[in-house]
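Mapping the sequence shown onto my numbering, position 180 (from 1) lands on 182, and the numbers just tick up by one.
For reference, the structure discussed in these notes is given below.
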Amino acid sequence: MQPTVSIIIVTYGSAREIDACLDALSQLQTALSHEIIVVDNASQDDTVSRIRARQSDVRLLAEAENWGFAGGVNRGVIEAQGQYIALLNPDAVARPAWLDELIAPFADPTIGVTGSKVLDGAGRIQSIGALLAVPLLLTSHRGEGETDSGQYDAPADVWGVHGAAMAFRKQLWQQIGGFDEGYFPAYLEESDFCERARRAGYRIVTAPRSVVGHTESSSTGKFSAEFYYYYLRNRLRFAVKWHDWPMLWNEFRPAEQLRLHEAPLLDRRVARLVYHQGIPHLTAPDAAARAAILATGRRLRAGTLPADGLGPLLDFAAEAADNSVLREVTFHSRLPLLATLRTAWNNIATRWYVRPSFDQQTRFNLALERALHTTIEQTAARTAADALDIALLAWKLEQSH
Numbered sequence: 003m004q005p006t007v008s009i010i011i012v013t014y015g016s017a018r019e020i021d022a023c024l025d026a027l028s029q030l031q032t033a034l035s036h037e038i039i040v041v042d043n044a045s046q047d048d049t050v051s052r053i054r055a056r057q058s059d060v061r062l063l064a065e066a067e068n069w070g071f072a073g074g075v076n077r078g079v080i081e082a083q084g085q086y087i088a089l090l091n092p093d094a095v096a097r098p099a100w101l102d103e104l105i106a107p108f109a110d111p112t113i114g115v116t117g118s119k120v121l122d123g124a125g126r127i128q129s130i131g132a133l134l135a136v137p138l139l140l141t142s143h144r145g146e147g148e149t150d151s152g153q154y155d156a157p158a159d160v161w162g163v164h165g166a167a168m169a170f171r172k173q174l175w176q177q178i179g180g181f182d183e184g185y186f187p188a189y190l191e192e193s194d195f196c197e198r199a200r201r202a203g204y205r206i207v208t209a210p211r212s213v214v215g216h217t218e219s220s221s222t223g224k225f226s227a228e229f230y231y232y233y234l235r236n237r238l239r240f241a242v243k244w245h246d247w248p249m250l251w252n253e254f255r256p257a258e259q260l261r262l263h264e265a266p267l268l269d270r271r272v273a274r275l276v277y278h279q280g281i282p283h284l285t286a287p288d289a290a291a292r293a294a295i296l297a298t299g300r301r302l303r304a305g306t307l308p309a310d311g312l313g314p315l316l317d318f319a320a321e322a323a324d325n326s327v328l329r330e331v332t333f334h335s336r337l338p339l340l341a342t343l344r345t346a347w348n349n350i351a352t353r354w355y356v357r358p359s360f361d362q363q364t365r366f367n368l369a370l371e372r373a374l375h376t377t378i379e380q381t382a383a384r385t386a387a388d389a390l391d392i393a394l395l396a397w398k399l400e401q402s403h
């Protein structure tokens, strides 16, 4: 019998999480006929062998290369037989009613995409619908960080949903051209899909009684240099895809300049790298381009940031931090009582005279250290903003030819 729903899980290095994910799916309380498809993006761990060892009805598509999340989804949907597609992250654990509640809203033909309530291990909300800040195009989530007490249990129309647990009509995927594989390897692909679904006339809604627990064990550490690289790169691509030129230059650019002056230093330094590389192509990257993107990510993961002139300053700042506070010398001696006598004499004769100078010098050192850090942060923000200007102008010039 042809399934109603195809559940697609895209894995990459997911050996630690996949068993719990699939175990939970085996416990679904559902009347819906469904199939489970796992698309593995050439994992280097034993994800594939773990899935094969289960001897379950999971269909495994073991890819020979990493297609990214969007590419993995598309390959899964091509093989899917269901009328509806449910996406589930390998680090997500579905509650028993997850599937039925996620699919139920599709009884309304105006709804094209649904999203689950996503909770962390402590029962706090990670997402019950996604938000988009314009013109910055920074994504956030409704309810994020709040304890779940039912405050978002009414279904709601939203801008987007969390890609960890979402569903859509297969017909919609066909109509709008699937997931955009240019958002490689990850981040903002589900946002782009929701944007296109909305522009095609469909509603995006939350399904609050469809619940998953999500450990968010990303293969790229959250707020690491590698994370910033992939996220900022795809955000820039999202910006040029959905903003026209006046919006890009007159609103996105100055808003991003302001954000850079408030962002963590690592964010600023990686932003400079991203913008220095220019605007990502709107076409999906070929094998060579995918390899280059991943290679940059690996270098950043290993702690190798590109030369931006800040390395020596950061080394000096670290040395200054270690030596800013002057400390009194502790007297030591191998002769009995000599150190004690020298300390006593210092307390009587020199300490109270020298101590104010120590304190004054320490205050000066700390002020100098703060000024150095401010200079580094301002320089990082300014060079990133300059690189963005050049990237946008170069892209505009290219588009005019």
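For glycine and all other residues, C-beta sits at the position ideal for the given N, C-alpha and C.
Asked: Sequence ranges, beta strand (DSSP E) only - wholly within the stretch 53 to 121, length at least 3; Found: 61 to 64, 86 to 90, 94 to 96 and 113 to 121
Asked: Backbone secondary structure at L134 - three-state DSSP; Found: strand
Asked: Assigned secondary structure, A209 (DSSP; H/G/I helix, E/B strand, else coil); Found: strand
Asked: V160 versus A135: straight-line alpha-carbon distance, rounded; Found: 13 Å
Asked: Which of helix, strand or coil DSSP assigns to S193; Found: helix
Asked: V115 versus Y204 - alpha carbon distance; Found: 8 Å
Asked: The stretch 80 to 91 in contact with the stretch 3 to 14 per 3-pair CB rule at 8 Å; Found: yes
Asked: I281, DSSP secondary structure in three states; Found: coil
Asked: Straight-line Cα distance separating T376 from Q177; Found: 50 Å
Asked: Close beta carbons around G73, own chain, < 6 Å, minus the five adjacent residues each side; Found: E183
Asked: Segment limits, alpha helix (DSSP H) that includes G151; Found: Note on identity: in this sequence residue 151 is Ser, with Gly being the wrong assignment. Note, S151: premise wrong, no alpha helix (DSSP H); not H, not E.
Asked: Contacting residues, own chain, Cβ-Cβ under 8 Å from I147 (five flanking each side not counted); Found: Looking at the sequence provided, one finds Gly at residue 147 rather than Ile. Excluding positions up to five away in sequence, the list reads R126 and I127.
Asked: Contact check, G215 vs A373, beta carbons under 8 Å; Found: no
Asked: Delimiting residues of the alpha helix (DSSP H) encompassing H263; Found: R255 to E264
Asked: Y232 beta carbon less than 8 Å from that of D269; Found: no
Asked: Residue from L260, Q362 and E400 with nearest C-alpha to A387; Found: L260
Asked: C-alpha distance - R301 paired with K224, whole-angstrom precision; Found: 16 Å
Asked: Buried or exposed by the 16-neighbour rule on C-beta atoms within 10 Å, applied to D324; Found: exposed
Asked: Opening and closing residue of the alpha helix (DSSP H) in which R171 lies; Found: That residue, R171, is in no alpha helix (DSSP H); its beta strand (DSSP E) goes A167 to R171.
Asked: Touch test, the stretch 265 to 283 against the stretch 188 to 206, Cβ-Cβ under 8 Å, three pairs minimum; Found: no
Asked: Per-residue DSSP class, three states only, for G29; Found: What sits at residue 29 in the sequence shown is Gln, not Gly. Coil, per DSSP.
Asked: L24 and V60 closer than 8 Å at C-beta; Found: yes
Asked: Alpha-carbon to alpha-carbon, R239 and S28; Found: 38 Å
Asked: Segment limits, beta strand (DSSP E) that includes L302; Found: No beta strand (DSSP E) holds L302; the alpha helix (DSSP H) holding it covers A289 to R303.
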